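Here the structure is laid out as structure tokens; the discussion comes afterwards.
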Amino acid sequence: MAKSDRTIKDFLAEAEDILETASRTMLALEAEQAAGRPAPEQVNALFRAIHSFKGLAGMFGLKAPSEVSHKMEFLLDEVRLGKVGLSRNVLDVLFDAVALLGRLVQQAGARQEAEDIAPMARRIDQILQTKTSSSGDRSLLNRIDLDRGLLQVLTEYEEYRLKENIRARNNLFTVQVTFEINEFESGIKALNEVLKKNAEIICTLPTAGAAGSGIGFTIVAGTARSGNELSAALDMPNLALRPIPYIEGRKTEEPRQETGLRSVSNTVRVDIYKLDSLMNTVGEMHLLKNIIGRIVRELKTHTQSGTAAELHKAHRGLERKLNELQEGILEVRMVPIGQIFTRLAQMVRNYAKEAGKEIDLQLTGEETELDKLMIEDLADPLMHLIRNAIDHGIEPPDVRRASGKPDQGLVTLSAFPKGNHVVITVEDDGAGMDAGKILAKAVEKGIVGPEHGLDPARDRKDVLDLIFLPGFTTRESVTEISGRGVGMDVVKKNLSKLSGMIDIETEPGEGTLFTLTLPITLAIIKALIVEAGDQVFAVPLSSVLEILQTTEEQVETVETREVIAIRSETVPLLRLTRAFRLAPRPGNAALYLIVVGLAERRLGIAVDALRDQQEIVIKPLGKRLADLPGIAGATELGDKRGVVLVLDVESLMEGVLKRTAGIRR
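At the far end of the sequence shown sits residue 1958, using the working numbering, and the numbering has no gaps.
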């Protein structure tokens, strides 16, 4: 069925969100099963996600995704009812089915023919042929003193979950609560959050409100906790907690969790590229604001009239409102980095199976927010780092055993905010890297000259950074996982496009840690406007550590390199006039030093003059100038200086540090 581009985009956006939820739920479900814990809430959540996907695919007339999701929904319903056990085989089929849905979505978006779904249908049918009946054991319900009328209105699933709690000898309770109509939404949300942390919600049934003044209902819950513990956790007004006694004499207490209550979404889906266009418009408005500000300043120097004062006041008001608008749009663009973490977790599972290795992936900081467009561009670099960790870092089980390590390798992916940046780390407890071997391989491949002068112990940081240069690899063979794919140089280049930096720490036999540092957004940034020679440049403030005024007398030369002492640290010096072959200003004794850097790296950038700070929108230079060393793009300042080049701090730092070792780039 032919669909408009707009319709397909709507389908893709919603389908990808649903499948991301399904993948995240699958990983949680697998973890619960591995720990030997029942996971009805995860099964329920996965069932709801696949049910939503089936409805979406059907609405858009997509036959293959609709049929696969229908099969999955039926299988999950049988799992929910206990007719199919959640075995390793069932989990593998569910993982593969979610991955298949993802491919079918991409094929629909590219208007390609859908792949054959028959093999997956056969795998699901084979599982369903082994199902058993869960309708027996109704006598279990006779073991508890629960109102017969309530038992009669339970659904098949609710009855099954109640029997499972009885079989597990969990404590059972009824929770009776009434909320006024105007408090219902917030009240039920708070109650469910607490209950889901302490118990399993087996069913929720409406009851009459207190004297008809509110909305009342009864929840049946099961838990391993005591009544006192649950009562303390449910410290809410208008709530009555009553145990459901076991007729054999055992009193009751609490379950786990799950909810059939549906929340009403207050969100609206917006195309990220529309937000990008809107942000560009805000950037242009900032430019106009700067022009107006310049005109106001010129008026104030020539006249003291009330009109100039009023115009100045209006300009300040415009500035405040523009800042509010900008912050609002930025907030909308920000999304949890967990979106990409979920995809990577699925990838780790697949690659670990291919490599024949056991991998425990630990995720932290999924709630850390980053610009949506940056998250999309971050996927490939992170994927490559994790692939490397699995293929090259984590040793085979027998090698780990011989080294006194557990068979299961550990890969940790974490994210956390740090000022105006987000820091992402990828760490493994594998074989690590040997600086001496890296240097020897770099010399062998002609990446550094034999006269390099590098010492693996003294210049450890510089030697480790060699892995980011084009053509570097210590592997001689192709593997199924990494193949001959992109190298670490491409990872670094992709991060540079995001104004990001990457650092490496490693110990042979212990593991490797990659640290990625990125600005929260690239949409509109604050920049320091400087002059070097007769040119004006913009330096992203997110990279600026401090600004100093110094003199030529404080500059020293060490092994042909200019350096400057800043307190107790010696920092490499880069003169912008020399970097871009500009004529220096004659007789200029003063030197302004902009200290930039991230993590352990520092660089002093020498300029002739400091102008001011401005918010700028970075524009690309075009294909012919896109790879200009040291330049990230261009911007307009709204004054008579026209177009100004924006410095690529990471590129400048790399150039200075690499020149020290005669590295051939």
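Even for Gly, the Cβ is constructed at its ideal location relative to N, Cα and C.
Only a predicted model underlies this, so the values are computations on that prediction, with no experimental measurement involved.
Looking at Pro1879, Met1413, Gly1480 and Arg1330, the one whose alpha-carbon comes closest to that of Ser1380 is Arg1330. Distance from the Cα of Gly1729 is smallest, within the candidate group Val1756, Glu1720 and Gly1746, for Val1756. Under the 10 Å beta carbon count, Thr1863 is surrounded by fewer than 16 other beta carbons and is classified as exposed. Asn1531 carries a coil assignment under DSSP once its states are collapsed to helix, strand and coil. Taking a 10 Å sphere around the C-beta of Leu1838, we find fewer than 16 other C-beta atoms and assign the residue as exposed. In the DSSP assignment, Gln1907 is bridged to Ala1820. Among the bridge pairs identified by DSSP, Glu1798 is matched with Leu1806.
Ranked by how close their Cα comes to the Cα of Leu1623, the residues Asn1643, Leu1604, Leu1666 and Ala1645 have Leu1666 in first place.
Taking each of Glu1522, Leu1455 and Pro1530 in turn and checking the Cα distance to Phe1477, the smallest one comes out for Pro1530. Take the alpha-carbon of Leu1867 and the one of Gly1897: they are about 6 Å apart. Counting along the chain, Ile1495 sits inside the beta strand (DSSP E) bounded by residues Glu1493 to Thr1500. With a cutoff of 8 Å on beta-carbon distance, Ala1816 and Val1939 are scored as not near each other. For Ile1898, the enclosing beta strand (DSSP E) has its first and last residue at Leu1896 to Val1900. Taking 4 residues as the shortest admissible run, the region 1843-1885 contains the following complete alpha helix (DSSP H) segments, listed from N- to C-terminal end: 1869-1872. The bridge partners DSSP lists for Leu1465 are Gly1515. In this structure, Ala1533 keeps its C-beta atom at 8 Å or more from the C-beta atom of Gly1515. Between the C-alpha atoms of Arg1587 and Val1704 there is a straight-line separation of about 53 Å. With at least 16 other beta carbons inside 10 angstroms of its own, Pro1812 counts as buried. Nearest Cα to Pro1538 within the set Arg1874, Glu1612 and Leu1465: Leu1465.
With contacts defined as CB atoms closer than 8 Å, Leu1671 and Ile1633 qualify as a contacting pair. Close CB contacts of Glu1943 within its chain, under the 6 Å cut and outside five residues either way in sequence, are with Ser1789 and Met1794 (chain order).
Following the DSSP letters along the chain, one finds Met1413 inside the alpha helix (DSSP H) bounded by residues Ala1411 to Leu1421. If only complete runs of 4 or more residues are kept, the region 1687-1754 shows the alpha helix (DSSP H) at 1690-1695 and 1728-1737, in order along the chain. Contact annotation: Ser1696 and Gly1802 have beta-carbon atoms nearer than 8 Å.
According to the DSSP assignment, Leu1656 belongs to the beta strand (DSSP E) that extends over Ile1652 to Thr1657.
As the crow flies, the alpha-carbon of Glu1660 is around 10 Å from that of Pro1710. Cβ contact annotation for His1595 (same chain, cutoff 6 Å, sequence separation greater than five): none. For Ala1925, the secondary structure class from DSSP, reduced to helix, strand or coil, is strand.
Here DSSP, grouped into helix, strand and coil, assigns Leu1369 to helix.
In the three-state reduction of the DSSP assignment, Ala1825 falls in the strand class, which pools E and B. Leu1397 is positioned such that its CB atom lies no closer than 8 Å to that of Ala1342.
Segment contact: the region 1672-1683 against the region 1628-1648, three or more CB-CB distances shorter than 8 Å; contact assigned.
For Thr1448, the three-state secondary structure derived from DSSP is coil. For Pro1763, there is no enclosing alpha helix (DSSP H), as DSSP gives it neither H nor E.
The alpha-carbon separation between Gln1828 and Ala1401 amounts to approximately 50 Å. Phe1830 is bridged by DSSP to Val1823 and Leu1938.
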